[in-house]
Amino acid sequence: MDRLDQLMRPLLPMLGGSFKSMLDTPRRQLEHQLARVLDHHDATAIGQTHTALRDLLQQVGALSMMGPMLGCMSGGSGSSTVAFDNFTAAAAAFEAARQAACSTQQRQHIREELRRLLDVAERYMAHVRMKERLGTAVGSSGELARQWDAPGGLRAQLERLADEDCVTDLMPLVALQGGGGGMMSDMFAKMMPQGSASGVSAAPAAVESLPFLDPDLLSIRYDAAELRGLVARWSESLVNGAVMVGSPIRPMRLSCASSPDVEHAIQVLQRLLELGFGYVAQGDAGQDSSQPQSEEAEKEGMLIAVLDRRRATLPLCASATFLESKKRRSRLRDVVRVLRSQAKRGRKFALRINSDLELALKMLREHHEDSWVGDILQGVWRVMFERRQLVVFELWVLEDGVEKMIAADFGHPHSTFGFYVATRFFDRSYKTCMPGFILAFAAAQVLFKHGFGFWDLGGTNASPMMAYKPQVALELLRDEWLDLLSATRQRCSSGAAAPRQVVPGVAVAEIGEDDLWSALACRDDPSSGGTASKAKAKTKAAKPAGAPRPKTATDHQPPSAESQGSSARAKFQVLYAELCSSGMEATAAAAEALRRLSQRSSVAAVI
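In full-length UniProt numbering, the protein residues as written are 1 to 607.
As structure tokens, this is what we get:
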């Protein structure tokens, strides 16, 4: 990595600080995750290295394209080639070790996905060849098809990978992005267009890794039809889900240095949300306060629009669809049980809106060590906060006369009926109270009562950090999400009444079961046991006091081993839940529950 920095350093004055930020970010992420593995033995961090490693491999493609120039500028011919070969070998060794740690089932899944990729790519190449025979211009797609068909070309390389038990050579996958030349080659082609087949708005040769969006289209040259056309294209071609606003050489200036800068940033953010994007910031000084920052870096950051392949979104009128999932029903019932158990301990929860932005930002930084919300974006957010364009849902705990914020969602109302959550946090010392889930269902209920159409958590994937999203929202594919947004726009144009504005203050003084979105429907849902329980209670209440119970054929039979096991499991689950709600760690709670049950069994045997 130090060698990569040395080789790229001569180009940085020409490419700018934002380009350097794009190169530095995956490296910092990779180093951070590996430190978690080594220092804390965190197994989940290994999986989280995937994105950073992929981004680094894509960037190393710049060395193959500009190797001679870099070698000359950094001193010594061939130095760039050596660095490229060494880095590729190190990345392959790391990936081989990572996949060796996978289960047989996981490696089989990788091979199946590679074969599916081969099938899709083969159909695309056939389409390109047919257009060439008809005399239709295909741009650089023709070169990609020739690389695909060549002996030992991309098809042969991918077939070899699909037959291997453990993938070690990642470069064919990297080369497949950007029309066969890699992400960096595709990026530079857009930065320096040559001919009608290149440029920012040109149709892609294959998939797109990091396309650019002209910020002027979002402000002074705003064209809704052209922007929606680009979004429709990226809904099919975009691989990583990221779109750079501007370009590495001329990024959109995200700054809070002056009032016009802030106004421009707010306008761009609002229009990105209306188009269906989420957003993150890069190059913000607040991301790495331990490193010295130049004056320019302190004033500017880089804005990345995000259009993920899977979106965690909750249509607020889709309660029945939400409750079709057993996992989601179970999670909602868990939250209800926690509210009950915590109330017995005298602990209450309140939902407030925009009561203390500075405290919420401070706790956000403490929760996320590598938070992308730095000083620049915070400056923009403060202005949006005053205009109620930034809404912070806050969960407060009330106990022994003391109030404390323990979770918050930072979000934006947009597209009239939508609400996007940009980021969120919770106090880990209260994790047994499930504060993130209480906040999610309580905030969704407030939005529903105000007339909003959907609550959007942004992109989701299989990483551990995203595991909570499918439990509180529906997983929509990219095109399904864009269809939902299109239906929202049609609803706006039809003259439907707009939602009531969410105002600062106490939204719910004491959160109860009915203040959780869909809790009432879950309680009445037959699949959740609510109806059966009510019927049983009604039958019991109808019996006169002291009336004998009619005997059944099973009254004189000893309980079966199966029924005894079910009873023991039920007792264990109840005791385990009580111990967890009291603040005990999960492992210790399980051990204590087993100990208590075994003691009870011993006493019963003696009696």
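Idealized CB from N, CA, C, for every residue including glycine.
All of these numbers come straight from a predicted model, not from anything done at the bench.
Report the three-state DSSP secondary structure of residue i (helix, strand or coil).
| i | result |
| --- | --- |
| TRP381 | helix |
| ARG311 | strand |
| ARG347 | coil |
| ARG150 | Checking the sequence shown, residue 150 turns out to be Ala, not Arg. Coil at ALA150, not helix or strand. |
| TRP517 | coil |
| ALA121 | helix |
| LEU482 | helix |
| GLU475 | strand |
| PRO435 | helix |
| GLU562 | Because GLU562 carries a pLDDT of 44, less than 50, the predicted location of this residue cannot be relied on, and no value is offered for it. |
| ASP165 | coil |
| GLY180 | Below a pLDDT of 50, predicted positions are generally treated as unreliable, and GLY180, at 47, falls in that range; no measurement from the model is reported. |
| ILE110 | helix |
| HIS41 | coil |
| PRO470 | helix |
| THR136 | coil |
| PRO211 | coil |
| TRP372 | coil |
| GLN194 | Note that GLN194 scores 43 on pLDDT, short of 50, meaning its location in the model is unreliable and no value can be drawn from it. |
| GLU394 | strand |
| ARG424 | strand |
| GLU263 | helix |
| PRO172 | helix |
| CYS72 | A caution first: CYS72 carries a pLDDT of 48, below 50, which makes its placement in the model unreliable, though a value can still be read off. Note: CYS72 maps to helix in three-state DSSP. |
| GLY241 | coil |
If distances are taken between C-alpha atoms only, which option among the options comes closest to residue i?
| i | options | result |
| --- | --- | --- |
| TRP396 | PHE349, PHE426 and GLY411 | PHE349 |
| MET363 | VAL392, LEU316, GLN147 and LEU173 | VAL392 |
| ARG271 | ALA224, ARG250, TRP234 and ASP308 | ALA224 |
| TRP148 | THR168, LEU117, ALA137 and PHE277 | LEU117 |
| PRO470 | GLU112, ARG310, LEU275 and LEU357 | ARG310 |
| SER319 | ASP370, LEU114, ARG523 and THR49 | ARG523 |
| GLY401 | ARG250, ARG347, ALA156 and LEU173 | ARG347 |
| ILE353 | VAL37, ASP169 and VAL503 | VAL503 |
| ALA444 | GLY241, ARG382 and ILE511 | ILE511 |
| ARG340 | CYS433, LEU361, ALA422 and ILE249 | CYS433 |
| ARG233 | PRO211, ALA100 and ALA150 | PRO211 |
| LYS431 | GLN342, TRP372 and THR423 | GLN342 |
Taking the CB atoms as reference points, tell me whether residue i and residue j lie closer together than 7 angstroms.
| i | j | result |
| --- | --- | --- |
| THR313 | ALA473 | yes |
| residue 608 | HIS414 | In the structure as shown, the chain starts at 1 and stops at 607, and residue 608 therefore has no counterpart that could be examined. |
| VAL380 | VAL243 | no |
| TYR420 | ASP479 | no |
| ALA507 | LEU398 | no |
| VAL239 | LEU213 | no |
| PRO315 | PHE454 | yes |
| SER235 | LEU476 | no |
| PHE448 | PRO499 | no |
| ALA281 | LEU377 | yes |
| THR488 | PHE417 | yes |
| ALA162 | ARG107 | no |
| ASP515 | HIS32 | no |
| PRO260 | MET302 | no |
| SER429 | GLU394 | no |
| GLU208 | SER237 | yes |
Leaving out the 5 sequence neighbours to the left and right, which residues in its chain are closer than 7 angstroms to residue i when beta-carbon positions are compared?
| i | result |
| --- | --- |
| PHE425 | MET363, LEU364, HIS367, HIS368, ALA407 and ALA408 |
| ASN461 | ARG310 |
| GLY142 | VAL128 and GLU132 |
| GLY276 | VAL231, LEU307, TRP481, LEU482 and LEU485 |
| ALA305 | LEU213, VAL243, VAL245, LEU272, PHE277 and TYR279 |
| LEU359 | MET405 |
| ALA605 | Unreliable placement is indicated for ALA605, whose pLDDT of 44 sits below 50; no coordinate value is reported for it. |
| LEU217 | ASP223, GLU226 and LEU227 |
| GLU403 | TRP396 |
| SER560 | Its pLDDT being 48, under 50, SER560 is placed unreliably in this model, and the value from its coordinates should be taken loosely. Closer than 7 angstroms at Cβ, skipping near neighbours: no residue. |
Looking only at its chain, what residues have a beta carbon closer than 6 angstroms to the beta carbon of residue i, apart from the 5 residues adjacent to it on each side?
| i | result |
| --- | --- |
| ALA93 | none |
| GLU513 | VAL336 and ALA519 |
| ARG331 | GLN471 |
| MET466 | THR460 |
| GLY152 | none |
Against chain B, does residue i count as a neighbour if the rule is that its beta carbon must be under 7 angstroms from one of theirs?
| i | result |
| --- | --- |
| SER103 | Note that chain B does not occur in the displayed structure, where there is just one protein chain. |
Less than 8 angstroms between C-beta atoms, sequence neighbours within five positions excluded: which residues of the same chain meet that for residue i?
| i | result |
| --- | --- |
| SER602 | Caution is warranted here: a pLDDT of 44 is assigned to SER602, below 50, making its placement in the model unreliable, and the coordinate value is therefore given only provisionally. So no residue of the chain qualifies. |
| THR554 | Caution is warranted here: a pLDDT of 39 is assigned to THR554, below 50, making its placement in the model unreliable, and the coordinate value is therefore given only provisionally. Nothing listed; no residue qualifies. |
| ARG328 | PHE322, PRO470, GLN471 and VAL472 |
Worksheet item: If you pair each beta-carbon of the stretch 370-387 with each one of the stretch 265-275, do three or more pairs fall below 8 angstroms?
Response: yes
Worksheet item: How do the stretch 434-441 and the stretch 403-410 stand: do at least 3 beta-carbon pairs fall below 8 angstroms, yes or no?
Response: yes
Practice prompt. Flag this pair as touching only if the stretch 512-524 and the stretch 332-341 have three or more C-beta atom pairs under 8 angstroms; answer yes or no.
Written response: yes
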